[in-house]
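Have a look at the structure below before the remarks.
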Amino acid sequence: LTPQLDCAGRVLVLDRPRVMGIVNVTPDSFSDGGAHDNVEAAVAHGLRLAAEGADILDVGGESTRPGADEVTVEEELRRVIPVVERLARETALPVSVDTSKPEVMRAAVAAGAGLINDVYALRREGALDAAAATGVPVVLMHMQGEPRSMQAAPAYDDLVGEVHRFLAERIFACEMAGIAKKRIVLDPGYGFGKTTAHNLLLLRQQSRLLDLGLPLLAGLSRKRSLGEITGREVGERLHASVAAAVLAAEYGARILRVHDVAATVDALKVWAAVAAQPSPKAAA
Ligand SMILES: Nc1nc2[nH]c(SCC(=O)O)nc2c(=O)[nH]1
82 LTPQLDCAGR
92 VLVLDRPRVM
102 GIVNVTPDSF
112 SDGGAHDNVE
122 AAVAHGLRLA
132 AEGADILDVG
142 GESTRPGADE
152 VTVEEELRRV
162 IPVVERLARE
172 TALPVSVDTS
182 KPEVMRAAVA
192 AGAGLINDVY
202 ALRREGALDA
212 AAATGVPVVL
222 MHMQGEPRSM
232 QAAPAYDDLV
242 GEVHRFLAER
252 IFACEMAGIA
262 KKRIVLDPGY
272 GFGKTTAHNL
282 LLLRQQSRLL
292 DLGLPLLAGL
302 SRKRSLGEIT
312 GREVGERLHA
322 SVAAAVLAAE
332 YGARILRVHD
342 VAATVDALKV
352 WAAVAAQPSP
362 KAAA
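Once you know that position 279 of the sequence shown is 360 in my numbering, the rest is easy, because the numbers rise by one and skip nothing.
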């Protein structure tokens with residue numbers, strides 16, 4: 082049976098790896114334009130990613146980069162809601178909201194968002210109830226520590242086991258709050274309290290998370306670990322990001338969260354065409 086996510090009426094069919102395009106609504110470092118310019122630029126970017134073949138658009142107003150400082154609820158709402166509203170209206174794609182704040186979850190779904198993408202896995206006060214009340218699917222991501230300090234000294238006794246246990250606990254918390262298991266997507270949280278070595282091991286063993294019985298989302302696009310491996314700066318990580326997306330698909334991910342949609346769409350078409358062929362075991 083093919084898993085599918087009903088994102089407020091816009092159904093994401095997970096019969097093959099799908100591409101989630103990243104729409105950051107954070108102060109534009111290129112222009113000193115005010116909030117309006119940020120919204121306009123973000124909407125234009127989202128429309129472009131839709132034209133490039135994205136299956137879902139992920140709108141985020143708070144950078145969760147290591148060391149990032151907090152954004153107030155009011156500021157995050159000002160950035161995110163207008164963009165969610167416009168993209169939900171001007172495309173037929175499901176729109177997800179990348180937030181940990183319950184108020185932003187509620188307002189974004191009211192404005193047309195069909196998926197909640199929470200890097201904090203609904204652990205903030207009120208987030209479980211807010212997500213349950215919206216009725217839309219949720220992405221639960223693993224993070225060790227807090228964005229501000231998570232990269233100081235990440236350490237694990239059993240990395241994959243700890244990520245697995247964390248996700249199992251968050252699934253249970255969701256079910257207790259009335260969020261059905263079929264509304265949940267899991268995410269290993271690459272780069273969130275992990276060294277490059279951790280990220281590599283977690284990717285290689287990502288398929289161990291599949292026994293939790295839920296679709297996986299992977300976000301490796303342009304991340305620091307890819308820079309460490311290739312020596313490339315953030316704007317030069319397209320090739321590494323495409324390789325990482327294909328590997329994540331090979332190791333079980335069905336949603337790839339990326340900046341470079343067109344390139345990843347083509348790469349995953351090749352993956353899907355090959356994956357459709359009989360495996361060596363079948364031929365034997
Ligand atoms: N679900 C999910 N959401 C995310 N939001 C970010 S923000 C940091 C960046 O894009 O570099 N990363 C992720 C990720 O890996 N998974």
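Don't be surprised by glycine CBs; every beta carbon is placed ideally from N, CA and C.
Measuring alpha carbon to alpha carbon, tell me which residue in the options is nearest residue i.
{"i": "Ala-354", "options": "Ile-162, Pro-228, Gln-85, Asp-96", "result": "Asp-96"}
{"i": "Ala-89", "options": "Val-178, Val-120, Tyr-271", "result": "Val-178"}
{"i": "Ala-194", "options": "Leu-168, Arg-205, Ala-356, Tyr-201", "result": "Leu-168"}
{"i": "Val-217", "options": "Gly-207, Asp-199, Val-190, Ala-234", "result": "Val-190"}
{"i": "Glu-155", "options": "Ala-132, Val-315, Pro-183", "result": "Pro-183"}
{"i": "Leu-371", "options": "Leu-196, Pro-163, Lys-304, Glu-317", "result": "Examination of residue 371 is not possible in this model, given that the chain is present from 82 through 365 alone."}
{"i": "Thr-276", "options": "Leu-291, Ser-230, Arg-99", "result": "Ser-230"}
{"i": "Val-339", "options": "Glu-166, Pro-98, Ala-234, Met-257", "result": "Pro-98"}
{"i": "Arg-187", "options": "Arg-129, Val-219, Arg-170", "result": "Val-219"}
{"i": "Pro-228", "options": "Asp-150, Val-92, Ala-116", "result": "Asp-150"}
{"i": "Arg-335", "options": "Gly-294, Gln-358, Ala-299, Val-315", "result": "Ala-299"}
{"i": "Arg-170", "options": "Ala-249, Leu-295, Ala-192, Glu-157", "result": "Ala-192"}
{"i": "Ala-135", "options": "Glu-166, Arg-318, Ala-348", "result": "Ala-348"}
{"i": "Trp-352", "options": "Val-315, Asp-268, Leu-328", "result": "Leu-328"}
Near residue i, which residues of its chain fall below 8 angstroms by C-beta distance, leaving aside the five closest residues on each side in sequence?
{"i": "Tyr-237", "result": "Gln-225, Glu-243, His-279"}
{"i": "Ile-137", "result": "Cys-88, Leu-93, Arg-99, Val-100, Met-101, Gly-102, Leu-174, Pro-175, Val-176, Ser-177, Leu-196, Ile-336"}
{"i": "Val-342", "result": "Val-100, Gly-102, Leu-130, Glu-133, Gly-134, Ala-135"}
Taking Cβ to Cβ, would you say residue i is nearer than 9 angstroms to residue j?
{"i": "His-223", "j": "Phe-253", "result": "no"}
{"i": "Ser-306", "j": "Tyr-271", "result": "yes"}
{"i": "Val-164", "j": "Gly-127", "result": "yes"}
{"i": "Asn-105", "j": "Ala-131", "result": "no"}
{"i": "Val-346", "j": "Val-92", "result": "no"}
{"i": "Ala-344", "j": "Leu-337", "result": "no"}
{"i": "Pro-296", "j": "Leu-86", "result": "yes"}
Sorted by chain position, which residues of the same chain lie with C-beta nearer than 6 angstroms to residue i's C-beta, five sequence neighbours on each side aside?
{"i": "Ser-181", "result": "Asp-199, Tyr-201, Arg-205"}
{"i": "Thr-107", "result": "Ser-144"}
{"i": "Tyr-332", "result": "Gln-287, Ser-288"}
Is the beta carbon of residue i within less than 8 angstroms of some heavy atom of ligand 3?
{"i": "Ile-103", "result": "Ligand 3 is absent from the structure shown, which contains only ligand 1."}
Closer than 7 angstroms by C-beta to residue i: which residues in its own chain qualify, once you throw out the five before and the five after it? Chain order, please.
{"i": "Val-152", "result": "Gly-142, Glu-143"}
**Message:** Tell me whether the stretch 256-273 and the stretch 203-221 touch, counting them as touching only if at least three CB pairs, one residue from each stretch, are closer than 8 angstroms.
**Reply:** yes
**Request:** Answer yes if the stretch 282-293 comes into contact with the stretch 310-317, meaning at least three C-beta pairs across the two stretches below 8 angstroms, and no otherwise.
**Result:** no
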